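Asker: Residue numbers (the numbering used here): 7 to 124.
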């Protein structure tokens with residue numbers, strides 16, 4: 007995938023892919039992110055993806071569904087997915103809507119996520 011086609015930059019750390027999401031996610035953007043991540047998992051043959059969402063202010067039901075679907079697809083490709091940095095307002099909204107992020111390991115922050123991966 008060409009750099010200009012990426013939704014977010016990614017950083018390869020060993021056999022993990024760090025994905026710092028620092029943009030607002032909407033339906034189209036999260037779908038493009040899903041495609042990007044699956045292509046990069048295949049291309050780099052990583053065994054873990056860390057989604058750092060500390061800058062994300064809104065995760066609605068469709069975005070959470072698409073992220074969970076991405077984690078399930080990554081799992082089928084032999085890759086674990088860790089999500090970290092969920093902010094209190096986002097956690098509150100997800101809990102109030104009864105949304106559970108399926109297929110993820112959940113970490114407090116990036117340091118915790120790295121510990122889960124290695």
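Glycine is no exception: its CB is placed at the ideal position from the N, C-alpha and C atoms.
In this text, all values refer to a predicted model and were calculated from it rather than measured experimentally.
Rounded to whole angstroms, what is the Cα-Cα separation between residue 130 and residue 70?
Answerer: For the chain, the structure presents residues 7 to 124; residue 130 sits outside this window and is missing.
Asker: Considering only residues of the same chain and omitting the five flanking positions on each side of residue 27, which have a CB-CB separation below 7 angstroms?
Answerer: As a working mapping, residue 27 is identified with position 21 in the chain shown. 14, 57, 58, 59, 61 and 62.
Asker: With a threshold of 16 other CB atoms inside 10 Å of the CB of residue 64, please say whether the residue is buried or exposed.
Answerer: Residue numbering aside, residue 64 sits at position 58 when the chain shown is read from its first letter. With fewer than 16 Cβ atoms within 10 Å of its Cβ, residue 64 is classed as exposed.
Asker: Are residue 22 and residue 52 touching if we call contact CB-CB under 7 angstroms?
Answerer: As a working note, residue 22 is residue 16 in the chain shown. As a working note, residue 52 is residue 46 in the chain shown. Their beta carbons are under 7 angstroms apart, which means residue 22 touches residue 52 by this criterion.
Asker: Is the separation between the beta-carbon of residue 113 and that of residue 86 shorter than 7 angstroms?
Answerer: For the purposes of this step, residue 113 is taken as the residue at position 107 of the chain shown. For the purposes of this step, residue 86 is taken as the residue at position 80 of the chain shown. No, the pair does not count as a contact, with Cβ atoms beyond the cut-off.
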